[in-house]
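Line by line, the protein sequences are chains A and B. Letter 30 of the first sequence, counting from 1, is numbered 30 in our numbering, and no numbers are missing. Letter 98 of the second sequence, counting from 1, is numbered 98 in our numbering, and no numbers are missing. Read the structure below first, then the notes.
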Amino acid sequence: MIAVQNITKRYVNGSINFLALDDISFTIQKGEFVAIMGPSGSGKSTLMHLLGALDVPTSGTYLLDGKDVSTMQEDELAVIRREKIGYVFQSFNLLSRATVLRNVMLPLIYAGVPRAERRARAIRALQAAGMTETHFDHRSNQISGGQMQRVAIARALVNDPAIILADEPTGNLDSKTGAFVLATFQRLNEQGHTIILITHERDVAEYAKRILMIRDGKIEKEEIHHARRTQAEEST
Amino acid sequence: MSLLDFLEETYLALSSNKVRSALTMLGIVIGIASVIVMVAIGQGAQGSIQASIQSVGSNLVIVAPGMQRGFGAQVNAGRGSAQTLTQADADAIEKTITLAKAVAPELSRRYQITTKGKNTNTQVIGTTPTYPEVRKVEMDQGAFLSDQDLRVLARVAVLGPAVRDDLFGQDAAAVGQTIRINAIEFKIIGITRAKGGTGFSNADDAVYVPLPTAQRFLAGDMYVSMVSIEAVNQDAMSTVQQQITDLLLERHRLSNPQAADFNVLNQADIVATASSITSTFTALLASIAGISLIVGGIGIMNMMLTTVTERTREIGLRKAIGAQRGDITYQFLMEALALTCIGGSIGVLLGWIAAWAVTQFFGLTSVVSLSSVALAFGVSAAIGIVFGYYPAHRAARLNPIEALRYE
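Structure below.
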């Protein structure tokens, strides 16, 4: 489903010539929960931008559901993003002046989903992300950080994307709330969603079933293990 | 994205920063309102000047004496001094110019007019019964001069209301009383209706007497000082003007039009001149107001640029969840358009009220025309697009990765 072949990404800015990704290849199957782990400057953010169709590689191919994303133009990438990808960011990136429900409906607006359908789909996504209905009409700056990230997860889910990309989703949360959010990802994975988690923390990466470790733009090693379980998961 | 979605986004964006939106809009409101008021005042002035020219008479062609030339052309007197225009000229015009509806010759001079205990100095116009039709004079009391009065050299007079007020007191009954013009007694047979000043002469401050009477008893010669001709319609005016010129040149045995001892004036030319003055005036006012509109537009651009910078992360997010360049461009363009259109509407309303107030409290005529309202709307929409496009374009071109990282 995701096939990355010999991808390199080179940044050229004046005299600076920086190789962020150096000939990377891997595949991720549908329904996997993969963590991409590495220290800062390892190239994991660059890789996430490529996987998330925010950028294209300098060379190599990236096949997403059989489509070659690596040669697409800006507006084509936007279509891929709204149809295939759901993002969860470290800093949530919610529209603070809009309600919880409207934040979740936003991708549906760009996808051209009819108005009547949007609300029902947003409510379903919010419930799947573990949000309680009492908050739906709150403005998104009136809820807690953990709730904000659940709203962001619901927004990522609402378009039923092929992959959910989470970029340091627990970075702005305390460890307990972070554990809740990670448990939510595990639950979504069990329901069949493909999840890619980008992090620099080992204990966060261990929530995934497979870990790709990146250093200096190369895959250093790959681990497959039993995912870590939390008490938070057991209590949900 | 549907139009409704864009409107909803626009509403959310503008209402989340009400004070700033309102202040930005104020620039457009003031700009549009001042354009509306200025154009209204300009057009009002144009209308009232035209009306006052038209009140002298419609489709009027006037023949006035030209320059007196001595034999040998050594000494030239001023224009209007020639005593070459006669009753016979007027009759000839009436007879041969078929496009002339009515012809009214007149001989006017100022005289001292006395009555019991009071006196005044005013214009005495010797004329014919066609005068009221040609010069749009209406009667308030009594009757105007009749053909019979002309035939018998009757010493009768019709007074303008101002003269009546001066001699007999405000609204006093004057018909039937007598006045003395140049020590000759005249009986008052009518009072004309007040017309107000016309800018060129005041028809209310005049005394009308039969033309032959004026020639015989007052002036002592047989010339006329002006012939007013009413053309059948506006299109015929220049033809009439040309025909009269040709006729009078022939009658006065002049071969060179440069040497004409008369001038033929066309009212349309006077209206056109006055119109060109007032349109210049209107354009001047409108362009001053237009400057404030441009300043308002720059205010919009400034706010939109600030907004784009402030919402960089939001733009990054929108792009990340699938917004295309066009979606972002339209969203910001709609915000600018909403500001200018709402501002424009308020401005039109405010301008309308201000124009009304100007008429009410300062007595200036003002006309808010539909075209100026339409223009104001068009201009505010255009300002929205012109000044909103650059910020919107900048927003749409943001790189989503950098935009998401923006602090």
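Virtual Cβ for every residue (Gly too), placed ideally from N, Cα, C. Note that the structure is predicted; figures quoted are calculated from it, not measured.
Which bits of chain A does residue i rub up against, with CB to CB less than 7 Å?
i	result
B:Gln324	Asp75 and Ala78
B:Lys319	Ala78
B:Glu314	Leu95
Take the Cβ of residue i as the centre, count every other Cβ of all protein chains shown within 10 Å, and call the residue buried at 16 or more, exposed below.
i	result
A:Lys13	Checking the sequence shown, residue 13 of chain A turns out to be Asn, not Lys. Label assigned to A:Asn13: exposed.
A:Arg150	buried
B:Lys116	exposed
A:Leu54	buried
B:Phe408	Given a span of 1 to 407 for chain B in the structure shown, any question on residue 408 of chain B remains unanswerable.
B:Gln360	exposed
B:Ala206	buried
B:Gln112	exposed
A:Lys30	exposed
B:Tyr11	exposed
B:Ser21	buried
A:Asn6	exposed
B:Ala282	First, the residue type needs correcting, since residue 282 of chain B is Thr and not Ala in the sequence shown. Label assigned to B:Thr282: buried.
B:Ile181	buried
Tell me whether residue i counts as near the ligand NAP, meaning its Cβ is closer than 8 Å to at least one heavy atom of that ligand.
i	result
B:Asp327	In terms of ligand content, the structure shown is empty, and the ligand NAP therefore cannot be addressed.
Can you list the residues of chain A that residue i reaches, using a CB-CB cut of under 8 Å?
i	result
B:Ala22	By Cβ distance, chain A contributes nothing, its closest Cβ being about 17 Å from B:Ala22, past 8 Å.
B:Met1	Ile109, Tyr110 and Gly112
Under a three-way DSSP split, which group does residue i fall into?
i	result
A:Thr134	helix
B:Lys136	coil
B:Met226	strand
A:Thr58	coil
B:Asp166	helix
A:Phe89	coil
A:Ile163	strand
B:Ala459	No answer is possible for residue 459 of chain B: it lies beyond the span of chain B, which begins at 1 and ends at 407.
A:Met1	coil
B:Tyr131	helix
B:Met25	helix
A:Ser235	With a pLDDT of 42 at A:Ser235, under the threshold of 50, the modelled position of that residue is not reliable, and the figure given next carries that caveat. A:Ser235: helix per DSSP, three-state reduction.
B:Pro65	strand
B:Pro210	strand
B:Arg110	strand
A:Tyr11	strand
A:Met213	strand
B:Val158	strand
B:Gly42	helix
B:Asn302	helix
B:Met1	coil
B:Met334	helix
B:Leu218	helix
B:Leu145	coil
B:Glu314	helix
B:Ile97	coil
Given that residue i touches chain B, what residues does it touch there, using C-beta distances under 8 Å?
i	result
A:Pro169	What A:Pro169 touches in chain B: nothing, since even the nearest Cβ is about 14 Å away.
A:Leu106	Arg318 and Ile321
A:Tyr207	Per Cβ cutoff of 8 Å: no residues; A:Tyr207 is ~23 Å from chain B at best.
What residues of chain A sit near residue i, judged by a beta carbon separation below 9 Å?
i	result
B:Leu12	Leu95, Arg97, Ala98 and Arg102
Mind listing the chain B neighbours of residue i? Cutoff is C-beta to C-beta under 7 Å, in chain order.
i	result
A:Arg82	Ile321 and Gly322
A:Leu19	Here the premise fails: no neighbours, minimum Cβ distance about 18 Å.
A:Tyr11	Those within 7 Å of A:Tyr11 in chain B number zero; the least Cβ separation is about 11 Å.
For this session: Please name the residues in the stretch 39 to 65 of chain A whose beta-carbon is closer than 8 Å to at least one beta-carbon of chain B, in chain order.
Result: His49, Gly52, Leu54 and Asp55
Problem set entry | Residues in the stretch 131 to 146 of chain A having any Cβ partner in chain B nearer than 8 Å | none
Exercise. With a cut-off of 8 Å, do at least 3 Cβ pairs link the stretch 111 to 127 of chain B to the stretch 270 to 283 of chain B?
Worked result: no
For this session: Please list the residues of the stretch 383 to 404 of chain B that have a C-beta atom closer than 9 Å to any C-beta atom in chain A, keeping them in chain order.
Result: Asn399, Pro400, Ile401 and Leu404
Exercise. Which residues, in chain order, does the stretch 16 to 41 of chain B contribute to contact with chain A at a C-beta distance below 8 Å?
Worked result: Ser16
Exercise. Do the stretch 47 to 64 of chain A and the stretch 100 to 115 of chain A meet, that is, are 3 or more Cβ pairs less than 8 Å apart?
Worked result: no
For this session: Count the CB pairs spanning the stretch 237 to 253 of chain B and the stretch 85 to 99 of chain B that are closer than 8 Å, and state whether there are at least three.
Result: yes
Exercise. Are three or more beta carbon pairs between the stretch 315 to 326 of chain B and the stretch 376 to 391 of chain B nearer than 8 Å?
Worked result: no
Problem set entry | the stretch 191 to 202 of chain A in contact with the stretch 285 to 293 of chain B per 3-pair CB rule at 8 Å | no
For this session: Would you be able to state if there are at least three C-beta pairs under 8 Å between the stretch 8 to 25 of chain A and the stretch 173 to 180 of chain A?
Result: no
Exercise. Do the stretch 140 to 155 of chain B and the stretch 210 to 217 of chain B make contact, defined as three or more Cβ pairs closer than 8 Å?
Worked result: yes
Exercise. With a cut-off of 8 Å, do at least 3 Cβ pairs link the stretch 215 to 235 of chain B to the stretch 158 to 176 of chain B?
Worked result: no
Exercise. Can you find at least 3 beta carbon pairs, one from the stretch 206 to 225 of chain A and one from the stretch 31 to 48 of chain A, that sit closer than 8 Å?
Worked result: yes
Problem set entry | the stretch 364 to 378 of chain B / the stretch 41 to 61 of chain B touching (three or more Cβ pairs under 8 Å) | yes
For this session: Check whether the stretch 148 to 165 of chain A touches the stretch 4 to 11 of chain A, counting contact only when three or more Cβ pairs, one atom from each stretch, lie closer than 8 Å.
Result: no
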